[in-house]
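Participant:
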Amino acid sequence: MAAISFRDVIKRYGKGRQELQVIHGVNAEIGDGEFVVIVGPSGCGKSTLLRMVAGLEEISSGQIAIGGRVVNDIEPAERDIAMVFQNYALYPHMTVFDNMAYGLKIRKMPPGEIRKRVDDAARILELGHLLDRKPRQLSGGQRQRVAMGRAIVRQPQVFLFDEPLSNLDAKLRAQTRIEIQKLHRELGITSLFVTHDQVEAMTLAQRMLVMNAGRMEQFGTPEEVYREPATTFVASFIGSPPMNLLKGAPGTKPGTVTGIRPEHLDIGEHGWEVRVETVELLGAERLIYGRLGDEHIIVRTEEGQPAPANDSMIRVRPREGRLHQFDATTGRRV
Ligand code: ADP
Ligand code: MG
Numbered sequence: 179m180a181a182i183s184f185r186d187v188i189k190r191y192g193k194g195r196q197e198l199q200v201i202h203g204v205n206a207e208i209g210d211g212e213f214v215v216i217v218g219p220s221g222c223g224k225s226t227l228l229r230m231v232a233g234l235e236e237i238s239s240g241q242i243a244i245g246g247r248v249v250n251d252i253e254p255a256e257r258d259i260a261m262v263f264q265n266y267a268l269y270p271h272m273t274v275f276d277n278m279a280y281g282l283k284i285r286k287m288p289p290g291e292i293r294k295r296v297d298d299a300a301r302i303l304e305l306g307h308l309l310d311r312k313p314r315q316l317s318g319g320q321r322q323r324v325a326m327g328r329a330i331v332r333q334p335q336v337f338l339f340d341e342p343l344s345n346l347d348a349k350l351r352a353q354t355r356i357e358i359q360k361l362h363r364e365l366g367i368t369s370l371f372v373t374h375d376q377v378e379a380m381t382l383a384q385r386m387l388v389m390n391a392g393r394m395e396q397f398g399t400p401e402e403v404y405r406e407p408a409t410t411f412v413a414s415f416i417g418s419p420p421m422n423l424l425k426g427a428p429g430t431k432p433g434t435v436t437g438i439r440p441e442h443l444d445i446g447e448h449g450w451e452v453r454v455e456t457v458e459l460l461g462a463e464r465l466i467y468g469r470l471g472d473e474h475i476i477v478r479t480e481e482g483q484p485a486p487a488n489d490s491m492i493r494v495r496p497r498e499g500r501l502h503q504f505d506a507t508t509g510r511r512v
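Numbering-wise, my numbering comes out as the position in the sequence shown, counting from 1, plus 178.
Next up, the structure:
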């Protein structure tokens, strides 16, 4: 196991006039044994950051250290990491056993040790009865478990996951999330997990690193990021539906934006006057889409509460201590 540290990490692709900087100086310390999720929209640089840890991309400037050792100039194979990708990249002609054993065989590990490691991983991942099958005889979820098994048998210092659940359907994704958490509890290996899905990030992360356009916007526990988003970007990216960001609500100072989550607005006799535009029932909850002056606002209520009619006026009041203030220019929390 090992800590990972990012010091002023910058990445540029291309040369000369083609040069494009995509990571703009990331600083972060990941603890030994910690499970950290890197989350952000498509194209923000998540894979690039992970691939620099793996050694698949050169670090343009700054340093990455694994277990206290700067790895900038160390070959991928010498970094003691294992990576799991979105497309499982299994060998179609090999059995599950051989797929998991392959990396150990090319490292010339004795067959007895290989057998033991594969059997152990297969037990943890409940793949024991599938070891003789070929990948095409497996479901998507089982293939993903084989891909994880192949990483586990290496017993690396660090696991790197790049959107490993994106090809699975919603139910299987939820299930596999729980398995990954279990795996981490059991093995305790430092893990960096990349996703664009904020629900996945919230549920898996011990801490999450939120990225936007090549910059780190916030690094904290899911609770911290949800309760105290550092920027308007984080406020609108984490949480669904997103936080309301209002310029015109009563009490908003010029040059600032008031944030309030849809679940922290209560309908009642007093408060801001909102015209109802649409109401959606999502099962346990109801979302009310409306206008506060000329701004859009979303209110979230429980299914048991009465639904207001379209075009009616309601009053909503922010809960005590749940308002956020951001600088309108920089987007940073004030
Ligand atoms: P993410 O994984 O968050 O979707 P990436 O790390 O793949 O984002 O990409 C970040 C940015 O770098 C994107 O703008 C992408 O187009 C660019 N990029 C990624 N790989 C290369 C490459 N090999 N050459 C040039 N630009 C690249
Ligand atoms: Mg990516």
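Using N, Cα and C, we set each Cβ at its ideal position, and we do this for glycine too.
Small disclaimer: the values here were computed from a predicted structure and weren't measured.
#1: Could you give the distance in angstroms between the alpha-carbon of Q241 and the alpha-carbon of A383?
#2: With distances taken Cα to Cα, identify the nearest neighbour of E401 among A391, E395 and R385.
#3: Going by DSSP, which residues form a beta bridge with P496?
#4: Near L234, what residues of its chain come up, given a Cβ to Cβ distance below 7 Å and the 5 sequence neighbours on each side ignored?
#5: What does a CB cutoff of less than 6 Å around G392 pick up in its chain, not counting 5 residues either side in sequence?
#6: Should A279 go down as buried or exposed, given a rule of 16 or more other Cβ atoms within 10 Å for buried?
#7: What residue does the beta strand (DSSP E) around M272 start on, and which one ends it?
#8: Compare the Cα-Cα distances from L316 to each of P270, V494 and K349 and report the closest residue.
#9: If you follow the beta strand (DSSP E) that D340 is in, where does it begin and where does it stop?
#10: Using DSSP with H/G/I as helix, E/B as strand and the rest coil, what is V403?
#11: Give the straight-line distance between the Cα atoms of G218 and P342, rounded to the nearest whole angstrom.
#12: For the ligand ADP, any of its heavy atoms closer than 6 Å to the Cβ of K312?
#13: Alpha carbon to alpha carbon, how far is V435 from D472?
#14: Can you check whether the CB of I445 is closer than 7 Å to the CB of I492?
#15: By alpha-carbon positions, which one of R323, F339 and I259 ends up nearest to L308?
#16: Out of P419, F371, I416 and P428, which one is the CA nearest neighbour of R229?
#17: Check the C-beta distance from A329 over to A260 and give it rounded, since I have them as a contact under 8 Å.
#18: Where DSSP assigns a beta bridge to D310, which residues make up the other side?
Facilitator: Result, derived from the coordinates:
#1: Roughly 24 Å separates the two Cα atoms.
#2: From the listed residues A391, E395 and R385, the smallest Cα separation to E401 is found for R385.
#3: P496 pairs with L443.
#4: Excluding positions up to five away in sequence, the list reads P254.
#5: Cβ contact annotation for G392 (same chain, cutoff 6 Å, sequence separation greater than five): V200, I201, H202 and G223, in chain order.
#6: A279 is buried by the Cβ-count criterion.
#7: M272 -> no beta strand (DSSP E), and no H or E assigned at all.
#8: Answer by Cα proximity: P270.
#9: Unbroken beta strand (DSSP E) run through D340: V336 to D340.
#10: Annotated three-state conformation of V403 is helix, per DSSP.
#11: Their backbone Cα atoms lie some 15 Å apart in a straight line.
#12: Checking the Cβ of K312 against the ligand ADP gives no.
#13: The straight-line gap from Cα to Cα measures roughly 15 Å.
#14: The criterion of a C-beta distance shorter than 7 Å is satisfied by I492 and I445.
#15: The shortest C-alpha separation from L308 is found at R323.
#16: If we check each option's Cα against that of R229, F371 comes out closest.
#17: With 8 Å as the limit, A329 and A260 qualify as a contact, their Cβ atoms being about 4 Å apart.
#18: Beta bridge pairing from DSSP links D310 with no other residue.
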